[in-house]
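Numbering (this note's numbering), first residue to last: 1 to 523.
Data block below; observations after.
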């Protein structure tokens, strides 16, 4: 759910939480205690993390930092032979603000103190006497995801409020975040951080892992609860309560960050033997009115921000739809095994927008895609914002619209004898669902259900904004896929402006595919 609480109500919740935890530790540790701590922080001036790491750790280069490894035999819960195991990250390099990590058992939280003996430092020559009480940079969790004989890496929390997870047969790709603040705003982005974690100790029969996180930044604090259920699709149920110290221009909820360098819809900037390079190839949005919108990603030459205004969205996510290795031909990155991430809001989120930020990138080392939900009515300072959602890390068997999905978007002309200034796009759809028969109306009443008739042909509908001149458009069967292909040629009027486009399949007047919503970037 997504709702604001009055200042009096949040103070009552916070005070109740503090009384329960300070009066002889009467209540077991849980979300209320973390929320009370976030509430208390929000009433105080922001204190930036103290950067007091030894210079030897700050000056490590990338390879030196990666040479510091947690010893697997020191994994938390390994000796108890529990289904989950916990390993810690060493501070250093980019991670100069250590976080606190505590374990919760029998309703009580106990901090994990830093221990240099947990780590193999490789070729690094560090003075161990300077490595006392420096904290950790984050953690990762292992679980027998693909085989009962081996515990695979399941999830990672490291850096600001970033985290990522895996389902069976997946490899790390896109990331999620606790919160995005003022992303793509001229004044600059603020990056809240998870500063403290509490992880519940599992039992021998546990199939889920629960952890809590405290978020803090100059203008926002927050409490988070994650319940993680690993499997073919690893699912996270997320509960959060945010508190603002002061107003923000843009509050991005359930944010996710990915990478798109090039694909079939966009030419490669440099020669590359790989046809496509991306962690995600599109944004999918499920509207509460039943419409499904697919927006293919692009790597623009300058920053572009677009959005979809909605009321109570059913879901949104960054997806990697193309799963054949032949689309990527990358034996190292395995882009065909990168997960999709799908957000399902719990309760009513009200009015707002799903925003997509497209940032130029010259290579695949930089995440350049961000998507999140922006509420129309963010809380004022002194109020709290509660929201909850389910986050699924998917591969095969992931979210599927009940109508025909877009299979691919391709840009470029076929053979032309004489080149001109027009552009062509090809959009392939799956086959449309079988036509339904209209149910009989009750005597004296007209049926309110509008459905297609079996004899009506499938046609295509295309719309472009006034920066494009449509030259020709066609919709026909794709005999190779059994689906449908739309082909349209157009001329751009102003090369410095993008073109907004929409297309879908219909049978009669009924839409039978998701809406292909495309932003044709400027030159």
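Each residue gets a CB set at the ideal place from its N, CA and C atoms; glycine is no exception.
Reducing DSSP to helix, strand and coil, say where residue i ends up.
i           : result
residue 123 : coil
residue 521 : coil
residue 112 : coil
residue 41  : helix
residue 58  : helix
residue 415 : coil
residue 473 : strand
residue 105 : strand
residue 321 : coil
residue 297 : coil
residue 337 : helix
residue 90  : coil
residue 171 : coil
residue 447 : Reliability fails at residue 447, whose pLDDT of 46 lies under 50, so the model's placement of it is uncertain and no value is given.
residue 27  : coil
residue 22  : Legend: pLDDT at residue 22 = 38, less than 50; position of this residue unreliable, value from coordinates given subsequently. Note: residue 22 maps to helix in three-state DSSP.
residue 36  : helix
residue 497 : coil
residue 326 : helix
residue 527 : Any question about residue 527 goes unanswered here, given that the chain covers just 1 to 523.
residue 129 : helix
residue 72  : helix
Spatial neighbours of residue i within its chain, please: CB distance less than 6 Å, with the 5 preceding and 5 following residues excluded, ordered by chain position.
i           : result
residue 312 : 288, 348, 349
residue 230 : 143, 145, 154
residue 68  : 90, 119, 121
residue 126 : 56
residue 431 : 482, 483
residue 64  : 124
residue 128 : 116
residue 49  : 97
residue 255 : 177, 180, 372
Quick check on this structure: which residue in the options has the alpha carbon closest to the alpha carbon of residue i?
i           : options            : result
residue 265 : 149, 277, 339      : 277
residue 27  : 484, 129, 104, 333 : 104
residue 195 : 97, 387, 110       : 97
residue 410 : 223, 518, 418      : 518
residue 239 : 271, 509, 387      : 387
residue 378 : 281, 248, 305, 217 : 248
residue 241 : 226, 250, 420      : 226
residue 361 : 323, 407, 351, 302 : 302
residue 504 : 417, 407, 30       : 407
residue 233 : 193, 169, 291      : 169
residue 252 : 183, 198, 224      : 183
residue 62  : 281, 77, 94        : 94
residue 77  : 199, 38, 164       : 199
residue 262 : 273, 256, 255      : 273
Only counting the same chain, and skipping five residues up and downstream in sequence, which positions put a Cβ closer than 8 Å to that of residue i?
i           : result
residue 25  : The pLDDT assigned to residue 25 is 47, lower than 50, so where the model puts this residue is not dependable; a value taken from the coordinates is nonetheless given after this. Once the five neighbours on either side are set aside, the close Cβ partners of residue 25 are 108.
residue 75  : 85, 86, 87, 142
residue 53  : 91, 92, 96, 98, 134
residue 102 : 109, 110, 111, 112, 196, 197, 198, 199
residue 515 : 291, 292, 293, 294, 502, 503, 504
Residues in the same chain with beta-carbon distance under 7 Å from residue i, minus the five sequence neighbours each way, listed in chain order, please.
i           : result
residue 465 : 499, 500
residue 327 : 275, 276, 336
residue 469 : 490, 491, 493
residue 41  : 216, 221
residue 309 : 353
In the DSSP output, which residue or residues are listed as bridge partners for residue i?
i           : result
residue 152 : 143
residue 460 : 505
residue 177 : 162
residue 229 : 235
residue 307 : 355
residue 426 : 410, 487
residue 346 : 388
residue 190 : 181
residue 478 : 483
residue 196 : 100, 214
residue 240 : 224, 387
*With a cut-off of 8 Å, do at least 3 Cβ pairs link the stretch 77 to 96 to the stretch 127 to 138?*
The stretch 77 to 96 vs the stretch 127 to 138: in contact.
*Counting Cβ pairs, one atom from each stretch, are 3 or more of them under 8 Å apart for the stretch 393 to 403 and the stretch 201 to 219?*
No, the stretch 393 to 403 is not in contact with the stretch 201 to 219.
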